[in-house]
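Taking it in order: structure first as structure tokens, then the write-up.
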Amino acid sequence: MKQLWLTARLDIVESLRARWFMIYTAVFGGIVALLFLFGLTESRVLGFIGLSRLLVTYIQLTMAILPIFVLITTVRSVAGDREAGVFEYLLSLPVSLGAWFWGKILGRYLVVFAPVFLAMLAAVLIALVKEIEVPWGMFGYYTALLATMAACFLGIGMLISAVARTTDMAQGAAFMTWLVLLLFLDLILLGVMIQGRVAPEVAVAIALANPLQVFRTAALALFDPQLIVLGPAAYVILDAFGVLGYKIFALAYPTALGLLAAALGYFIFRRGDLP
Amino acid sequence: MIHCKNLSKSFRRARVLDGIDLDIPLGERIALIGSNGAGKTTLIRCLLGEYTHEGTVTIDGRSPRKERTAVLGSIGFVPQLPPPLKMPVGQLIEFSASLSGADPQQIDAIAARLGLDVTDIRSRPFIRLSGGMKQKLLIAIALGRDAKLLIMDEPAANLDPEARKIFFDLLAERQQSATMIISSHRIDEVAALVNRVIEMDLGKVVLDDKVADDVSLSGRYTCRLVSRRVDAALAKTLATWNFTADADGLVWTGEVAGPDRLRFMGMLSRYIALIGDLALHEAGQ
Chain D
0 MKQLWLTARL
10 DIVESLRARW
20 FMIYTAVFGG
30 IVALLFLFGL
40 TESRVLGFIG
50 LSRLLVTYIQ
60 LTMAILPIFV
70 LITTVRSVAG
80 DREAGVFEYL
90 LSLPVSLGAW
100 FWGKILGRYL
110 VVFAPVFLAM
120 LAAVLIALVK
130 EIEVPWGMFG
140 YYTALLATMA
150 ACFLGIGMLI
160 SAVARTTDMA
170 QGAAFMTWLV
180 LLLFLDLILL
190 GVMIQGRVAP
200 EVAVAIALAN
210 PLQVFRTAAL
220 ALFDPQLIVL
230 GPAAYVILDA
240 FGVLGYKIFA
250 LAYPTALGLL
260 AAALGYFIFR
270 RGDLP
Chain W
0 MIHCKNLSKS
10 FRRARVLDGI
20 DLDIPLGERI
30 ALIGSNGAGK
40 TTLIRCLLGE
50 YTHEGTVTID
60 GRSPRKERTA
70 VLGSIGFVPQ
80 LPPPLKMPVG
90 QLIEFSASLS
100 GADPQQIDAI
110 AARLGLDVTD
120 IRSRPFIRLS
130 GGMKQKLLIA
140 IALGRDAKLL
150 IMDEPAANLD
160 PEARKIFFDL
170 LAERQQSATM
180 IISSHRIDEV
190 AALVNRVIEM
200 DLGKVVLDDK
210 VADDVSLSGR
220 YTCRLVSRRV
230 DAALAKTLAT
240 WNFTADADGL
250 VWTGEVAGPD
260 RLRFMGMLSR
270 YIALIGDLAL
280 HEAGQ
């Protein structure tokens, strides 16, 4: 356990000094600042006003940015460290491979989750100061959704880092993964179904398997239970699960997917050449 | 201490280690030499349990791959290229000391002996240090614990003569209690440090021989050199070896570490036309 915490701490310190972390923090802090600046708390969409409108916009933007950011920065730094000889040196120290791998994940998880959460928390604090009503239920669920999203894509990133032997290959694989998930969002599924080439059950199964779609549906379901703005795939899914069931699924499935990917990554890492 | 039996390693179709058989007892100082691609780094990484391989590798009867923490706890490693770590120096010392159960103050003390004051650079990122400072710190981390096996890849390449002298002293202090493997491209860089040479080529051991050397690691040579005329380049070079000149700047005296004498002579050969007289005596003889 001591080795795990030491490795996690090491990864946190390394990340806090990295340029990607500064950009990452600036992006999410900047989004919240811009949303306040453009007066989103005063605008009204679908009957929502105040901080809930801002949170919905924030979570939508985060969903677009966080997955690719986490994937690319994770594979870049892990595969980059391996290429640069960091693994050769640090793994010559008496640290178990389990403590090293999971410690790295733990440290990295805190680093990728903290800025997105703190930016949202800052929005809530500003709202409290400005005496704007805070939708605490929405804030709580979005926090859980962000935590799940970070875990899911971090796990996938660590799996790619364990498989790819070079930074270029790892970056390419991470980008392709994100692109494939993006292509199978609701709009593509709708198009495929209209053409009638895929059975609706398959389209629904793909939407359920795609963590990006799962997050998107869960986030929208909070303020649009009728799913007016979503396509038919998401509507069918929500009809089968119910709002609460889907909200639970949207937290459990991506977490399990991330953990499974990380476990597979650890298995590959442990069996292969380390540096 | 170290036992390798039919050790082989391939990367895709390239066979980088090809059936290596080695037995290295405690207290031996090995020069692991060979050209680029000979398999030195791969062998070192197998010893550190970082590579999977065919055949067997054991250190004190244990597999470095399967019993990582137990085996690596007794190994001090100095890489050829310092890793680009962004963490502060203080944290690197703390991290490595915590993992290996060493006293961070012992690491600080060895760094200080090598001429590196850790107090001044504790909060500085490791990557921002100069090449020599990085090398001194990595040596201090490797020697700052109770290591039975020291694996060093070109450890003295970035050190100035004074630091090299102290580095040899530090190795001499461990001579009886530790096995040392010092990797280098060239035998003349490490010949004076070792008592056995293992040369590798194309993944095989092509030479395994003992070295006869009567000069101990901590031996010293006093040197007196007379220059035909005052020369700025020679003066600057001799100053880096801590030599001092007389009032005319023609007669230079100083001390050279025993294992460094070959390197010293190599340096002097560049100024041979300037040298009028040269005397080199083993100190205390």
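In the order they appear, the protein sequences are chains D and W.
In terms of numbering that gives the first Met the number 0, the first sequence opens at residue 0 and continues consecutively.
In terms of numbering that gives the first Met the number 0, the second sequence opens at residue 0 and continues consecutively.
For every residue, glycine included, the Cβ atom is placed at its ideal position computed from N, Cα and C.
Item                                                                                                                                                                       : Value
When we look at the beta-carbon of Val115 of chain D and count the other beta-carbons within 10 Å, is it buried (16 or more) or exposed?                                   : buried
I'd like to know whether the C-beta atoms of Lys8 of chain W and His52 of chain W end up nearer to each other than 8 Å.                                                    : yes
Output, in chain order, the set of chain D residues within a Cβ distance shorter than 9 Å of Glu49 of chain W.                                                             : Phe86, Glu87, Leu90, Ser91, Asp272, Leu273, Pro274
Should Ser76 of chain D be flagged as near chain W, meaning a C-beta pair shorter than 8 Å?                                                                                : no
Name, in chain order, the residues that DSSP records as bridge partners for Leu277 of chain W.                                                                             : W:Leu224
When you compare the CB of Lys135 of chain W with every CB in chain D, is at least one pair closer than 8 Å?                                                               : no
Checking 8 Å against the spacing of the C-beta atoms, do Ile197 of chain W and Val204 of chain W come in under that value?                                                 : yes
Anything in chain D within Cβ reach of Gly72 of chain W, meaning under 7 Å, just list it in chain order.                                                                   : Pro93
As a quick exercise: from D:Ala126, D:Ile67, D:Asp238, pick the residue whose alpha carbon is nearest that of Leu306 of chain D.                                           : Because chain D here runs from 0 to 274, residue 306 of chain D falls outside it and cannot be looked at.
Could you name the residues of the segment 75-99 of chain W whose beta carbon sits closer than 7 Å to any beta carbon of chain D, in the order they occur along the chain? : Phe76, Pro78, Leu80, Pro82, Pro83, Leu84, Lys85, Met86, Gln90, Phe94, Ser95, Ser97, Leu98, Ser99
Using the beta-carbon count (16 or more within 10 Å), is Lys129 of chain D buried or exposed?                                                                              : exposed
Is any beta-carbon of chain W found at less than 8 Å from that of Glu132 of chain D?                                                                                       : no
Would you kindly work out how many angstroms separate the C-alpha atoms of Glu281 of chain W and Gln174 of chain W, rounded to a whole number?                             : 20 Å
For Leu113 of chain W, is the classification buried or exposed, using 16 other Cβ atoms within 10 angstroms of its Cβ as the cut-off for buried?                           : buried
In chain W, which residues lie less than 7 Å from Ala16 of chain D when you measure between Cβ atoms?                                                                      : The residue you asked about is not Ala; residue 16 of chain D is Arg in the sequence shown. Within chain W, the residues near Arg16 of chain D are Lys85, Pro124.
Considering only DSSP beta bridges, list what Arg12 of chain W is partnered with.                                                                                          : Paired residues: none, contrary to the question.
Would Thr252 of chain W pass as an interface residue toward chain D - the criterion being a Cβ-Cβ separation below 8 Å?                                                    : no
Given Phe152 of chain D, which residues of its chain have a CB within under 6 Å of its CB, disregarding the five upstream and five downstream residues?                    : Pro66, Val69, Leu70
Could you give the C-beta distance for Thr243 of chain W and Thr252 of chain W, rounded to a whole number, given that I count them as a contact under 8 Å?                 : 6 Å
Which residues does DSSP list as the beta-bridge partners of Phe152 of chain D?                                                                                            : DSSP lists no partner for Phe152 of chain D.
Taking the C-alpha atoms as reference points, what is the distance between Leu53 of chain D and Ala156 of chain W?                                                         : 58 Å
How about Ile32 of chain W and Ile186 of chain W: are their beta carbons less than 8 Å apart?                                                                              : yes
Under 8 Å between the Cβ atoms of Ala110 of chain W and Leu136 of chain W?                                                                                                 : yes
Mind checking Gly326 of chain D: buried by the 16 CB within 10 Å criterion, or exposed?                                                                                    : With chain D covering only 0 through 274, there is no way to say anything about residue 326 of chain D.
When the distance is taken between beta carbons, is Cys3 of chain W closer than 8 Å to Leu21 of chain W?                                                                   : yes
Beta carbons nearer than 7 Å to chain D: which residues of the segment 31-49 of chain W have them?                                                                         : Arg44, Leu47, Glu49
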